[in-house]
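Undergrad: Please find one structure pasted underneath; my questions will follow.
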Amino acid sequence: MLKFKDKEITENDYDFTVPTKKADYTFYSVNPISAIQFLKGSNLICMASYGNKNLAGNFYNRFTNIGYFKDIQDFYKSDKKEWIGIEKMYFKSVLDTDEAKMIIESIKSTNH
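The opening residue of the sequence shown carries number 661 in this note's numbering; numbering runs sequentially from there.
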């Protein structure tokens, strides 16, 4: 479950799609300051991204700190030195660790 300022976030609120070879996965995206101040949740896939430019000058997301977290606070505590330059954080509620593992592996194999 995911809440922003006590409002439950559902999949209808998810606004960012990560395409993979297996499927497209949608996430709720939010800037880091708002996430840390107002977002609460449990049983989540969490990740962050930096905006990068490739050699052709096109922007793309470089995902980092992707993982499954039983509590969102554990994500916020993970490797804070990496938060410098983070543009967005992404969150997706999952049923269990098996579902999280499958989605994370799919994202990592496509986007890394």
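For each residue, glycine too, the CB sits at the ideal point set by N, CA and C.
Just so you know, these numbers come straight off a predicted model, no measurement behind them.
Since Ile767 and Phe723 are thought to touch, with beta carbons under 8 angstroms apart, how far apart are those beta carbons, to the nearest angstrom?
TA: 7 angstroms
Undergrad: Does the separation of the CB atoms of Ile732 and Pro692 fall below 7 angstroms?
TA: no
Undergrad: Among Leu662, Ser702, Tyr750, Lys700, which has the Cα closest to the Cα of Tyr710?
TA: Tyr750
Undergrad: Given that a residue counts as buried once 16 or more other Cβ atoms are within 10 Å of its Cβ, and exposed if not, what is Ser753?
TA: buried
Undergrad: Using CA atoms only, rank isn't needed, just tell me which of Asn703, Lys761, Asp675 is closest to Phe735.
TA: For Phe735, the closest C-alpha among the options Asn703, Lys761, Asp675 is that of Asn703.
Undergrad: Give me, in chain order, the residues of the same chain whose beta-carbon lies closer than 8 angstroms to that of Lys663; leave out the 5 immediate sequence neighbours on both sides.
TA: Ile669, Leu699, Lys700, Gly701
Undergrad: In three-state terms, what does DSSP make of Ser689?
TA: strand
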